Amino acid sequence: MHLLVKNAYDHMSSRLEIEYTFMRHGRTEVRRGSHRAYRYAELVELLRTSGFDDVRAAQPWSRGDAMTTLIATRQ
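Going letter by letter, the sequence shown gives residues 296 to 370 in our numbering.
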């Protein structure tokens, strides 16, 4: 199986549009995905406006990290 991936970032909607092309035994199938990219501050604000008051990162976060884990509690 071969997989081709084409990414395009839409800065106006903060979305990553991805086209996946699967090729196997002479057949080709194309699927698409759309993923929302949130800034760290946006995630914290979303949690706080949802009623969580203690929001923190599980470990120090830096811009180059591929992912992070947030821990949030509510009273």
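Positions of the beta carbon are idealized from the N, C-alpha and C atoms, including for glycine. Note that the structure is predicted; figures quoted are calculated from it, not measured.
Residue i versus residue j: straight-line alpha-carbon distance, rounded
i	j	result
residue 380	residue 342	Residue 380 lies beyond the range of the chain shown here (296 to 370); nothing can be said about it.
residue 301	residue 318	14 Å
residue 355	residue 328	30 Å
residue 339	residue 359	18 Å
residue 344	residue 305	26 Å
residue 313	residue 303	6 Å
Whether residue i touches residue j by CB criterion (7 Å)
i	j	result
residue 336	residue 350	no
The alpha helix (DSSP H) enclosing residue i, as first and last residue numbers
i	result
residue 343	335–344
Nearest candidate by alpha-carbon position, reference residue i, set the options
i	options	result
residue 298	308, 307, 325 and 309	325
residue 361	306, 333, 322 and 348	333
Limits of the beta strand (DSSP E) - the one that residue i falls within
i	result
residue 329	322–331
residue 368	365–368
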